[in-house]
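Numbering (the working numbering), first residue to last: 10 to 288. C-beta: ideal position from N, C-alpha, C; glycine also. Given the structure is predicted, the values throughout are model-derived calculations rather than measurements.
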Amino acid sequence: MTPPPVFLIGAARSGTKILRDILASSDGVSAVPYDVNYVWRFGAEDVSHDRLDPSELTERRAAFIRQTLPRQAKAAPGDVILEKSVSNTLRVPFVDAVFPNAAYVHLVRDGRDVVESAMRQWQAKPDLRALWTKLRGMPLSNAGYAMWFGGNLLKGLVSGRGGGKVWGPRFDGIERIAEEDGLAAVCAYQWVCSVQQATADLAELGDRVHEIRYERLVDAPDTVVGLAQALDLPDPDAVRDTAHARLRPQRSGWANLPRAQQDTIMAIIGPTLAELGYT
């Protein structure tokens, strides 16, 4: 019997990559090694945002996703598939329509740290090695997304933004906000949209959802043992050992932002931070 897949849901720059690697250290877990937004958007390449409508999911699109993820994870029969594309924060109902028995881990992190990190990523030079790895693993049927991705990257380079014209989860209106309101604002809205949409959608899925705070994970790495057990992963001890080896406190870059940018960001993320209990 094939175990249900596990999807890590978290805003971009929330720590989903390191949590994926920690959970994937368990025997019997195979992780997709990078975000694969192009797989999820198969057949919807012309949609301007990542909030995909489950009512438009065809059997052809669902079959493509179900067949492609295990291949990209290089999964053996019976392995738990683990995947973390950050754009899934905006489309949990679509993901659940493809995998109705899936388990979810919602990773939440202080939006101030997330937004500051995202601002750097939006401006970072493209990692050519990582891009080449993704391109090599991209099915030919995803050519439409590859064309969009190349155009977005080129537009970003022309405008002086190394990460592309837009980077990360595409909420509806992201390009307009990036152009009109600037980098700090678009990164702030990106975090708010990701967290609020994911929180609302995951609330409909009951006990298949497990929430964890990034700060708790760093302060108490043993937290992952309970998570691994809740997910029925075969080797929680390996998960614990990897967490202790990999997790380290990180200095926040928030204090280094100019006060004007901090004010812009807080005006946008402040209410959501308060709802989540961050002070």
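*For LEU116: DSSP bridge partner residues*: ILE221
*Quick one: what's got a C-beta closer than 8 Å to ILE183's C-beta in the same chain, skipping five residues either side?*
Closer than 8 Å at the Cβ level, and outside the excluded window around ILE183, lie HIS58, VAL175, VAL195, TYR198 and GLN199.
*Burial state of ASN46, where buried means 16 or more other Cβ atoms lie within 10 Å*: buried
_CA nearest to the CA of GLY262, picked from GLY24, ARG129 and PRO86_ = ARG129
*Scan the stretch 48-110 and note each continuous alpha helix (DSSP H) run of 4 residues or more that stays entirely inside, going in chain order.*
68-82 and 101-107
*How long is the line joining the alpha carbons of GLY191 and ASP55, rounded to whole angstroms?*
25 Å
*Proximal residues to PHE73 (C-beta, below 6 Å), its chain only, five neighbours per side dropped*: PHE51
_Cα-Cα separation, GLY120 to GLU189_ = 22 Å
*Tell me which same chain residues have a C-beta within less than 7 Å of the C-beta of LEU123, skipping the five on either side of it?*
With the sequence shown as reference, residue 123 is identified as Val, and Leu is not the correct amino acid for it. Once the five neighbours on either side are set aside, the close Cβ partners of VAL123 are ALA20, ARG22, SER23 and TRP200.
*Excluding the five sequence neighbours on either side, which residues of its own chain have a C-beta within less than 8 Å of the C-beta of ARG249, listed in chain order?*
PRO230, ASP231, VAL233, VAL234 and ALA237
*Alpha carbon to alpha carbon, how far is GLU65 from PRO258? Give it in angstroms, no decimals.*
Taking the straight line from one Cα to the other gives about 43 Å.
*Over the uninterrupted beta strand (DSSP E) stretch that includes LEU17, give me the two end residues.*
15-18
*Between which two residues does the alpha helix (DSSP H) carrying VAL201 extend?*
192-211
*Minimum C-alpha distance to LEU17 - residue among ALA264, ILE90 and MET10*: ILE90
*Tell me whether SER39 sits in a helix, a strand or coil according to DSSP, three-state version.*
strand
*Around the Cβ of PRO86, are there at least 16 other Cβ atoms within 10 angstroms (buried) or fewer (exposed)?*
exposed
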